[in-house]
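S.K.:
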DNA sequence: ATAAGTTGATATTTATAAATATCAACAATT
DNA sequence: AATTGTTGATATTTATAAATATCAACTTAT
């Protein structure tokens with residue numbers, strides 16, 4: 026976890042090569058809400074080392090742990106983001122992600138709350154769940 | 026939710042008939058940790074109306090929401106049981122379910138903690154998650 | 001210029017989870 | 001007695017998610 030862990034680096038083809046999956050698969054994971062890669066103003070994606078680790082966790086969850094993409098999405102939807110970014114009660118009331126729970130918070134278009142002023146791709150919630158099996162730890166931490 | 030919601034009633038064959046699945050499938054769900062039906066001293070299972078509802082939710086999760094059994098198990102593993110049954114810190118330290126997070130708490134053989142003196146099948150944690158999509162609500166409740 | 005990227009759609013392949021269907025040997029229920 | 005239940009194992013079927021492979025039309029990078 027050095028200083029450029031989160032630095033956008035690899036074009037999609039290179040990321041796919043490193044993960045041994047197809048380019049299409051990476052776009053699918055994005056469409057499904059599992060990842061949120063950096064995009065240049067031109068629309069071209071650049072993947073960071075953190076993204077690679079995140080994707081390795083996703084691959085592990087699918088191939089070894091036998092979770093479906095929907096299952097991973099459901100797990101990520103349980104991250105108590107409102108505690109991590111310190112939402113006010115009013116923020117929560119205005120948050121679709123808080124009231125629903127079908128998609129990870131970073132897949133929503135946030136309006137009228139704390140997250141409206143944050144880019145999800147740079148948000149602590151997204152960045153700290155590089156490893157998708159850490160959701161329970163997060164729940165423990167906020168309740169202790 | 027009347028007084029006999031949780032009363033053991035239906036033999037496995039009758040439960041399977043009501044849910045339109047095979048008897049084997051119900052046993053599989055149990056082996057996978059998703060359900061915990063009452064068992065007579067003879068080993069014969071009896072399913073309650075609550076079990077039927079629970080199983081309907083499981084069927085919905087698999088067939089409509091596209092979760093795998095492993096995915097449902099992972100979701101249920103995130104229930105903050107230690108808050109629901111008011112574990113002490115020492116209870117938590119002695120709890121395999123707290124330290125791991127691969128199976129729902131009711132699938133563990135509890136020793137040296139609060140749950141050692143409770144039958145999981147009668148525990149509030151198990152009984153209150155009849156609807157497996159309520160995990161986020163539970164997380165919200167304990168953090169507010 | 002060539003290579004690599006984009007979106008969006010569609011079609012196919014592949015892998016495998018989910019479910020069913022079997023055994024056998026035995027016990028409990030009605 | 002006949003039915004329904006138990007465990008445990010195995011084998012097969014079925015459904016479908018996951019992944020790949022295609023298009024086309026276009027844009028960006030080197």
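Protein chains in written order, with the numbering used here: chain A, 26 to 169; chain B, 26 to 169. Beta carbons: idealized from backbone N, C-alpha and C, even for Gly.
By Cβ distance, which residues of its chain are closer than 8 Å to residue 113 (chain B), with the 5 residues on each side in sequence left out?
M.R.: Taken in chain order, the residues that qualify are 139.
S.K.: What in chain A is Cβ-close to residue 103 (chain B), meaning under 9 Å?
M.R.: Simply 100, 103, 160, 161 and 164.
S.K.: Does chain A have any CB closer than 7 Å to the CB of residue 32 (chain B)?
M.R.: False, the Cβ-Cβ gap to chain A never drops below 7 Å.
S.K.: Taking all protein chains shown into account, do 16 or more other C-beta atoms lie within 10 angstroms of the C-beta of residue 79 (chain A), making it buried, or fewer, making it exposed?
M.R.: It counts as buried.
S.K.: Please list, in chain order, all residues of the same chain as residue 128 (chain B) whose beta carbon is under 7 Å from its beta carbon, the five residues on each side excluded.
M.R.: Same-chain partners within the cutoff: 58, 98 and 102.
S.K.: Compare the beta carbon distance of residue 74 (chain A) and residue 62 (chain A) with 7 Å and say whether it is the shorter of the two.
M.R.: Going by C-beta atoms, residue 74 (chain A) is not nearer than 7 Å to residue 62 (chain A).
S.K.: If you draw a straight line from the C-alpha of residue 42 (chain A) to the C-alpha of residue 48 (chain A), how long is it?
M.R.: The straight-line gap from Cα to Cα measures roughly 8 Å.
S.K.: Select from the region 85 to 97 of chain A all residues with a C-beta closer than 7 Å to any C-beta belonging to chain B, and list them in chain order.
M.R.: Residues 90, 91, 92, 93, 95 and 96.
S.K.: What residues in its chain sit with their C-beta under 6 Å from that of residue 100 (chain A), if we drop five residues either side in the sequence?
M.R.: Hits under 6 Å: 160.
S.K.: From residue 151 (chain A) to residue 66 (chain B), what distance separates their C-alpha atoms?
M.R.: Whole-angstrom Cα-Cα distance: 49 Å.
S.K.: Determine, using beta carbons only, whether residue 96 (chain B) and residue 68 (chain A) come nearer to each other than 7 Å.
M.R.: Not a contact, by the Cβ cut-off of 7 Å.
S.K.: In the DSSP assignment, what residue or residues form a beta bridge with residue 35 (chain B)?
M.R.: BP columns for residue 35 (chain B) point to B:72.
S.K.: Between the Cα of residue 131 (chain A) and those of A:104, A:72, A:167 and A:52, spot the shortest distance and give me the residue it belongs to.
M.R.: Ranking the options by Cα distance to residue 131 (chain A), first place goes to A:104.
S.K.: In the region 114 to 126 of chain A, which residues sit with their C-beta less than 7 Å from some C-beta in chain B, listed in chain order?
M.R.: The residues in question are 126.
S.K.: So, with DSSP's three-state summary, where would you put residue 155 (chain B)?
M.R.: Reduced to three states, the DSSP call for residue 155 (chain B) is coil.
S.K.: Give me the Cα-Cα distance between residue 156 (chain A) and residue 108 (chain B), rounded to the nearest whole angstrom.
M.R.: Distance between the alpha carbons of residue 156 (chain A) and residue 108 (chain B): 24 Å.
S.K.: Compare the Cα-Cα distances from residue 121 (chain A) to each of A:36, A:34 and A:135 and report the closest residue.
M.R.: Minimum Cα distance to residue 121 (chain A) is reached at A:135.
S.K.: In this structure, how does DSSP classify residue 64 (chain A) when only helix, strand and coil are distinguished?
M.R.: Residue 64 (chain A): strand per DSSP, three-state reduction.
S.K.: With a 10 Å radius around its C-beta and 16 neighbouring C-beta atoms as the bar for buried, classify residue 163 (chain B) as buried or exposed.
M.R.: Burial call: buried.
S.K.: Taking the C-alpha atoms as reference points, what is the distance between residue 124 (chain B) and residue 31 (chain B)?
M.R.: Distance between the alpha carbons of residue 124 (chain B) and residue 31 (chain B): 30 Å.
S.K.: Verify the CB distance criterion: does residue 60 (chain B) have a CB-CB separation below 7 Å to chain A?
M.R.: Closer than 7 Å: no.
S.K.: Does DSSP classify residue 30 (chain A) as helix, strand or coil?
M.R.: If DSSP states are grouped into helix, strand and coil, residue 30 (chain A) belongs with coil.
S.K.: Here's a check: name, in chain order, each residue in its chain whose Cβ is nearer than 7 Å to the Cβ of residue 147 (chain A), leaving out the five neighbours to either side.
M.R.: Here the set comprises nothing.
S.K.: Could one say the Cβ of residue 83 (chain B) lies closer than 7 Å to chain A's Cβ atoms, at least one of them?
M.R.: No - not a single Cβ of chain A is within 7 Å of the one on residue 83 (chain B).
S.K.: Any beta carbon of chain B sitting closer than 7 Å to that of residue 65 (chain A)?
M.R.: No, no contact with chain B.
S.K.: With a threshold of 7 Å between beta-carbons, can residue 172 (chain A) be considered close to chain B, or not?
M.R.: Chain A is shown from 26 up to 169; residue 172 (chain A) falls before or after that span and cannot be answered.
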